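**Student:** One structure, as structure tokens, below. Some questions next.
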Amino acid sequence: MNAGRFAPSPSGDLHIGNLRTAVLAWLFSRSTGRGFLLRVEDLDRARTGAEARQLADLAALGLDWDGPVVHQSARLDLYAEAIDRLTAAGRTYECFCTRREIQQATEAPHGIPGAYPGTCRSLTADERAERQRSGRAPALRLRSDVTEFTVRDLLCGDFTGPVDDLVLRRGDGAPAYNLAVVVDDAAQGVDQVVRGDDLLASSPRQGYLATLLGLPVPTYAHVPLALNEQGQRLAKRDGAVTLADLAALGHSPSDVLATIARSLGLAGPGEMVMLAELLARFAPARLPREPWVVRPEPIMAEPQGISPGEQLRHR
Ligand code: GLU
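So the sequence shown is numbered by the working numbering: it starts at 84 and just counts up by one.
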């Protein structure tokens, strides 16, 4: 079955912006007759108890998902196998660069910002042996033969972005996020990826990697993020932004769902809605294309932006 998915990292509680992305992923997938899967991306940054709270919060909003929750930490063999295939095809090389060295190299006049400059790509055997003697554990990088790739995004159109020699396996041996996500989406039948638009820039790398592995490239929908009043990505320090924080202020999960629905133009001020109703109203073409500005509790004087609490109180 084709599916969509939500793939949180269990690094802490989901805030209202993450919850909104999850609701969107669910709406995109259910409105197109797809399955909806939950994948816990726990290759690093797992915090005790976070996963259970994340799942409970998603369920409290009314989201349902198909089959058991999948954990990346239980799928290391799959990632290793994909890396082995690329290595067998001559598509990988060891990289001994430190973060600092990469940063310095990309500050050079012809460097592409954020892209690996290829320092270790063509080391001679002697040079490699010398670096191996340094004792630093190498990362494994993809030997890419393109500099950009185009993916299809339902909200952003055709998106072309840089592809570099991305890391496949980190120096500490852990598979890299870009590799794991590509392997998992294909293995799970995910052909529609809905997630925050902070990951739009990663999608050309992931799409290219999928084609190298002979896997289908999913269709993407990168949705605008929630921001704080300063225009920064919403974070827990911005006030009452998790379901637990909002519950402590007297706002039920239904209240929060109503706030999210309103932010998406799917409900009127103060209107209470069920997910099933949102599904009937959902039309991707009408979704807001700008970030959602969330104002923290306590309510600030400035009227612009949408505060969950303010909106709930005026119901
Ligand atoms: N685990 C990633 C995150 O929580 C999302 C990855 C994805 O959706 O591709 O930011």
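We put the CB at the ideal spot given by N, CA and C, even for glycine.
These figures come from a predicted structure and were not determined experimentally.
Excluding the five sequence neighbours on either side, which residues of its own chain have a C-beta within less than 7 Å of the C-beta of Arg174, listed in chain order?
**Tutor:** Taken in chain order, the residues that qualify are Leu225, Arg226, Leu295.
**Student:** Give me whichever residues DSSP pairs with His98 in a beta bridge.
**Tutor:** Per DSSP, Thr325.
**Student:** My guess is that Ala318 and Trp375 are in contact by the Cβ rule of under 8 Å, so how many angstroms apart are they, rounded?
**Tutor:** Between Trp375 and Ala318 the Cβ distance is about 14 Å, and since that is not below 8 Å, they are no contact.
**Student:** In three-state DSSP terms, what is Thr294?
**Tutor:** Note: Thr294 maps to helix in three-state DSSP.
**Student:** Consider the C-beta atom of Pro235 and the heavy atoms of the ligand GLU; say whether any pair is separated by less than 7 Å.
**Tutor:** Residue identity check: residue 235 is Arg in the sequence provided, not Pro. Not so, every heavy atom of the ligand GLU lies at least 7 Å from the Cβ.
**Student:** Thinking C-beta only, is Ala263 closer than 8 Å to Leu126?
**Tutor:** Yes. Within cutoff.
**Student:** If you measure from each CB to the nearest heavy atom of the ligand GLU and keep those under 6 Å, what residues do you get, in chain order?
**Tutor:** Checking every Cβ against the heavy atoms of the ligand GLU under 6 Å gives Ala90, Pro91, Ser92, Glu124, Val264, Arg278, Leu282.
**Student:** Using a Cβ-Cβ cutoff of less than 6 Å, which residues in the same chain neighbour Val265 once the five nearest sequence positions on both sides are dropped?
**Tutor:** Counting only Cβ-Cβ distances below 6 Å, and skipping sequence neighbours, we find Gln289, Leu292, Ala293.
**Student:** Rounded to a whole number of angstroms, what is the C-alpha to C-alpha distance between Leu121 and Ala304?
**Tutor:** The straight-line gap from Cα to Cα measures roughly 17 Å.
**Student:** Assign Val264 to one of three DSSP states: helix, strand, or coil.
**Tutor:** Residue state, collapsed to three classes: helix.
**Student:** Report the rounded CA-to-CA distance for Ala157 versus Val123, giving the unit in angstroms.
**Tutor:** Whole-angstrom Cα-Cα distance: 10 Å.
**Student:** With a CB to CB cut of under 8 Å and the five nearest residues on each side skipped, what residues in its chain are close to Pro287?
**Tutor:** Contacts found: Glu231, Phe232, Thr233, Val234, Phe242, Thr243, Gly244, Pro245, Val246.
**Student:** Take Asp236 and list the residues in its own chain whose beta-carbon comes closer than 8 Å to its own, dropping the five residues that flank it on each side.
**Tutor:** Counting only Cβ-Cβ distances below 8 Å, and skipping sequence neighbours, we find Phe242, Leu283, Ser286, Thr302, Tyr303, Ala304, His305.
**Student:** With a threshold of 8 Å on Cβ separation, who are the neighbours of Asp96 within its own chain once the five nearest residues in sequence on each side are excluded?
**Tutor:** Counting only Cβ-Cβ distances below 8 Å, and skipping sequence neighbours, we find Ala133, Arg136, Gln137, Asp140, Lys319, Thr325, Leu326, Ala327.
**Student:** For Gly87, is the classification buried or exposed, using 16 other Cβ atoms within 10 angstroms of its Cβ as the cut-off for buried?
**Tutor:** When all chains shown are included, Gly87 counts as buried.
**Student:** Considering only the alpha carbon of each residue, which of Val300, Thr181, Met84, His98 lies closest to Arg316?
**Tutor:** Ranking Val300, Thr181, Met84, His98 by Cα distance to Arg316 puts His98 first.
**Student:** Looking at the unbroken alpha helix (DSSP H) that takes in Thr189, where does it start and where does it end?
**Tutor:** Where Thr189 is concerned, the enclosing alpha helix (DSSP H) stretches over 182–189.
**Student:** Rounded to whole angstroms, what is the Cα-Cα separation between Glu177 and Gln271?
**Tutor:** The alpha-carbon atoms of Glu177 and Gln271 are separated by roughly 29 Å.
**Student:** Would a C-beta distance cut-off of 8 Å place Ile166 and Leu223 closer than the cut-off?
**Tutor:** Yes; because the gap between Cβ atoms is below 8 Å, this pair is in contact.
**Student:** Is it buried or exposed for Thr181, if we count other Cβ within 10 angstroms and need 16 for buried?
**Tutor:** Its Cβ having fewer than 16 others within 10 Å, Thr181 is exposed.
**Student:** Can you list, in chain order, the residues of its chain whose CB lies under 7 Å from that of Pro93, leaving out five sequence neighbours each side?
**Tutor:** Excluding positions up to five away in sequence, the list reads Val123, Asp125, Ala129, Arg130, Ala133, Glu134, Gln137.
**Student:** For Val234, which beta-bridge partners are listed by DSSP?
**Tutor:** According to DSSP, which records beta bridges pairwise, Val234 is partnered with Phe242.
**Student:** Tell me the DSSP secondary structure of Ala222 in three-state form.
**Tutor:** Strand at Ala222.
**Student:** For Asp147, count neighbouring C-beta atoms within 10 Å of its own C-beta (all shown protein chains included) and say buried if the count is 16 or more, exposed if not.
**Tutor:** Answer is exposed; the Cβ neighbour count stays below 16.
**Student:** Tell me whether Ser346 is buried or exposed, calling it buried when 16 or more other Cβ atoms sit within 10 Å of its Cβ.
**Tutor:** Buried: at least 16 other Cβ atoms inside 10 Å.
**Student:** To the nearest angstrom, report how far apart Met383 and Asp321 are at their CA atoms.
**Tutor:** Bear in mind that the predicted position of Met383 carries a pLDDT of just 29, short of 50, making it unreliable; the figure below should be weighed with that in mind. Spanning the two alpha carbons is a distance of roughly 12 Å.
**Student:** My assumption, with CB atoms under 8 Å, is that Val356 sits in contact with Ala344. Please give the rounded CB distance.
**Tutor:** Confirmed, about 5 Å.
**Student:** In the DSSP assignment, what residue or residues form a beta bridge with Trp375?
**Tutor:** Partner(s): Ala309.
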